[in-house]
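Numbering (my numbering), first residue to last: 570 to 726.
Just so you know, even glycine gets a beta-carbon here, dropped at the ideal spot from N, CA and C.
Model, not experiment: these values are computed from the prediction.
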Amino acid sequence: KDLLVSGRSSRLYKRLVVEEQTALSVSGATEVPGARYPSLFVFYAQPRYPHTTEELEAAIYEEIERLQNELVSADELVKIHNRARASFFSVLASNSGLAQNMAYYELFRGGWENLLAYPGLIQSVTAEEIREAARKYLRPERRTVAILAPGPEKAAE
Numbered sequence: 570k571d572l573l574v575s576g577r578s579s580r581l582y583k584r585l586v587v588e589e590q591t592a593l594s595v596s597g598a599t600e601v602p603g604a605r606y607p608s609l610f611v612f613y614a615q616p617r618y619p620h621t622t623e624e625l626e627a628a629i630y631e632e633i634e635r636l637q638n639e640l641v642s643a644d645e646l647v648k649i650h651n652r653a654r655a656s657f658f659s660v661l662a663s664n665s666g667l668a669q670n671m672a673y674y675e676l677f678r679g680g681w682e683n684l685l686a687y688p689g690l691i692q693s694v695t696a697e698e699i700r701e702a703a704r705k706y707l708r709p710e711r712r713t714v715a716i717l718a719p720g721p722e723k724a725a726e
């Protein structure tokens, strides 16, 4: 998620919002609908007029294919590791964040103690593992696409 859609330095944000200027915004989410059951990787993109949702959808597919076929660069891998670790530790900075994460790990990750291993797991992720995960999970036959658009009466205004 960090590589593709998290923040202004993510691949899709840089490409669609900054470089091509075909989108107003790009973001995404994981663990939708929740952590207990299999989750979705959700992409959100809002087209910049006169561009279309179809253009953005095609660009998202291109970036997914790139991720499946090319290894993440060493610089990108360092950035991903740093961003994920920073995000993890920032959540733990508050008492409520620490309590929520301890409860989450106790309920869904085999025990609160596993929370302590997470930073090391982040650092151990390789470019090859990212490519293999993209190949395994981001396959065309597993996609569900929803396009939210104004109705005909709104679009005409």
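Judged by DSSP in its simplified three-state form, Val601 adopts strand. By alpha-carbon distance to Pro709, the top candidate from Ile649, Ile629, Ile716 is Ile629. For Tyr613, the enclosing beta strand (DSSP E) stretches over residues 609 to 616. Residue pairing by DSSP places Ala592 opposite Pro616 in a beta bridge. A contact is defined here as three or more CB-CB pairs under 8 Å, and the stretch 688 to 697 meets this definition with respect to the stretch 654 to 669. If you ignore the 5 residues before and after Glu624, its C-beta comes within less than 6 Å of the C-beta of Thr591, all in its own chain and listed in chain order. For Leu690, the three-state secondary structure derived from DSSP is helix. Residue environment: Ser575 is assigned as buried (16 or more neighbouring CB atoms within 10 Å of its CB, all protein chains considered).
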